[in-house]
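Residue numbers (the working numbering): 640 to 727. The beta carbon of each residue, even a glycine, is placed where N, CA and C say it ideally should be. The model shown is predicted, which means the values in this text are computed figures rather than measured ones. Below is one structure, written out as structure tokens; comments come after it.
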């Protein structure tokens with residue numbers, strides 16, 4: 640399996656909370672030290688992917704909230720949106 644397909648599979652299995660927990664564990668490992676250079680680079684790389692995943696999730700959630708507020712809808716109603724929508 641290619642790295643790209645492997646990363647897509649990992650992203651499918653994650654939710655924000657799980658990704659954040661995993662990121663915190665990686666930060667702890669890196670702060671404690673004692674890892675080899677290869678292990679450090681691997682953990683750092685995974686941490687950066689998790690950070691991007693979390694940032695993207697938060698960005699999408701923020702856009703949803705802005706759309707709901709702009710349209711005056713209640714928060715219980717799910718709104719579909721595309722990434723191309725610009726919110727002022």
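What's the call for residue 658, buried or exposed, on a 16-neighbour Cβ count within 10 Å?
buried
Within the same chain, show all residues whose beta-carbon is closer than 6 Å to that of residue 689, passing over the 5 residues directly before and after it, in chain order.
658, 661, 662
Please go through the same chain and pick out, in chain order, the residues whose beta-carbon is closer than 8 Å to the beta-carbon of residue 668, but skip the five residues on each side of it.
674, 682
With distances taken between CB atoms, is the gap from residue 703 to residue 655 smaller than 7 Å?
no
Rounding to the nearest angstrom, what Cα-Cα distance links residue 691 and residue 684 in this structure?
11 Å
Residue 694 versus residue 700: straight-line alpha-carbon distance, rounded:
10 Å
Would you report the Cα separation of residue 672 and residue 652, rounded to the nearest angstrom?
28 Å
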